[in-house]
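Chains as they are written, first to last, in my numbering: chain A, 235 to 518; chain B, 468 to 789.
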């Protein structure tokens, strides 16, 4: 393990032991051009043979998927909110039809972040979760025994247990496609290039330029100095992350793991000392 | 429907009911959780208890063996074996694919407390099993098995503190807000709870003239547990809330009351076999209630997005100020 193996900027594939890995691949999801067509959700299900997750009407705008789950590896969020700047043109004031709608629609296609420091991967006790040569994080379904530890370890609430199957499932960034030089199904199906797939460094450059051009835009998960060492799948957002159901400041839980083991060690020694004192101390 | 703006402390704003933290707004996606609650069933909460009981009993047995108190040695070894068998059942039963339990033994991963725990439990299990087998061996074999039992018993006792405390790291090493925030004190809660439950076994099994060290063990264990739980319940700001409210709050309060009763009975009732045994039962029940309370408190903190958003927003604000 290197010095930044648990926290801090890192190129994950070499750290995982790949001698000469290909460049780290990623997703840049630009929510400012998402039209909420859900082609990504459908393409993902089709390619990966992900089972359906029931027919629910949630009443959450046009979102009847709800969130990422074992059976939804892409999820399109729909947020209706008052427009940040109400239109002030004369027609609207005179009572005519407003030139601009008085609300806006935020749409975002969410996905596994393929973290540089992936909590799910750190805590997996079987080695079912592994780091690929592309720097992504994938579950081996023939190894996973459904212990469920990865599920509460993910700071984004992505990975999930498939109820009738028992194992943990999530986005693989189409590991079976990208190894053949193909684009992942969701990005391939996206009609507006809201989902962009490519070499992570190039995507970061493109995003840095795009964020200058869009008013009110911010990047999320692009920074290798953040709490998870940067995401392999990052976003351009138009509002705060929590509005989209994303944590505002995620930190990989294993950052504090050395401190946790130390505290457990101290408590264990205190426990042993208590027994020694009880049995070998003075008679009472 | 428009986006959700949640408000903290729906009833805390009422008259005379001062909340520990000022109410604040937070935003979310239709109030849906951000982090995912553990999918573990109550098997795992039960294992927290039986794993601790196995550890506490093994320590009790070693103490009894070292000081020639055969009733403690015997009760400790037999209980450790029983708790070990129960633990193994709970752990395997909770898996999504129980028939693949042995996949845990493919790797040894220090970054995975569950992997470390598997190896700790395996090592402890071998020693505690051998010690119990020696205890239960038929009389003609005793000359052979007694020294074997002593060696295994001490080996089990050496691994017992790791077994009792790694489960605290197991819960804390997650994104579950109230488990993670409790990581400095949780090992003390679990270590103390394990000691108290081991002492509970001793109080039930031993005649009063052999139980003096067990009473001390009960007092020290209870002190550790109560100190740790108090810190977890009071010093984590908004993340202490889930441990005070609803079922987790009831369970933890019940645990505290039973611990106090058990310790008081163990000390004051030292001349009565019946009072001692009742005190032991109270300590065992206290440990069970505390484990379930901690388990459920964490689950509750993952289900409400405010426990993810508000502390992270506060952390961001602190960072931007400095």
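For glycine and all other residues, C-beta sits at the position ideal for the given N, C-alpha and C.
Distance from the CA of residue 555/B to the CA of residue 313/A, rounded to the nearest whole angstrom, comes to 46 angstroms. Neighbours of residue 783/B across chain A, judged by C-beta separation under 7 angstroms: 482, 483. Put simply, the CB of residue 256/A is far from chain B, with every gap to its CB atoms at 8 angstroms or more.
In this structure, the straight-line span from the alpha carbon of residue 350/A to that of residue 238/A is close to 10 angstroms. With a contact defined as Cβ atoms closer than 8 angstroms, residue 267/A and residue 427/A qualify at about 7 angstroms. Closest by C-alpha distance to residue 473/A, out of 378/A, 276/A, 340/A, 458/A, is 340/A. Nearest CB-CB separation between residue 585/B and chain A: below the 8 angstroms threshold. With respect to chain B, the C-beta atom of residue 374/A has no partner C-beta closer than 8 angstroms. The C-beta of residue 371/A has 16 or more other C-beta atoms within 10 Å across all chains shown, which makes the residue buried. Contact holds between the stretch 497-515 of chain A and the stretch 682-690 of chain B, because three or more Cβ pairs, one in each stretch, are under 8 angstroms apart. One finds nothing in chain B with a Cβ atom closer than 9 angstroms to the Cβ of residue 248/A; even the nearest lies about 17 angstroms away.
Excluding five sequence positions before and after residue 317/A, the CB atoms of its chain that fall closer than 8 angstroms to its own CB belong to 334, 335, 336, 337, 338, given in chain order. Chain-order list of chain A residues neighbouring residue 516/B: empty, with the shortest C-beta distance near 16 angstroms, by a criterion of under 7 angstroms. Along the stretch 640-668 of chain B, the positions whose C-beta sits under 9 angstroms from a C-beta of chain A are 640, 641, 642, 643, 646, 647, 650, 651, 652, 653, 654, 655, 656, 657, 658, 659, 661, 662, 665, 666, read in chain order. Counting along the chain, residue 339/A sits inside the beta strand (DSSP E) bounded by residues 337-345. Contact between the stretch 488-508 of chain B and the stretch 763-774 of chain B is present: three or more C-beta pairs spanning the two stretches fall below 8 angstroms. Within the stretch 419-450 of chain A, no residue has a Cβ lying closer than 8 angstroms to any Cβ of chain B.
Boundaries for residue 568/B: no beta strand (DSSP E) harbours it, and the DSSP string shows neither H nor E there. Annotation: Cβ neighbours of residue 401/A in chain B (cutoff 8 angstroms, chain order): 563, 564. Residue state for residue 588/B is assigned as helix, using DSSP reduced to three classes. The beta carbons of residue 674/B and residue 538/B sit about 6 angstroms from each other, so the pair counts as a contact at 8 angstroms. From the listed residues 633/B, 605/B, 612/B, the smallest Cα separation to residue 492/A is found for 633/B. Identification of chain B residues near residue 504/A by a Cβ-Cβ cut-off of 8 angstroms yields 655, 658, 691, ordered along the chain. Per the Cβ contact rule, the stretch 409-422 of chain A is not in contact with the stretch 594-605 of chain B (fewer than 3 Cβ pairs under 8 angstroms).
Rounded to the nearest angstrom, the gap between the Cα atoms of residue 264/A and residue 585/B is 43 angstroms. Taking the CA atoms as reference points, residue 398/A sits about 23 angstroms from residue 357/A.
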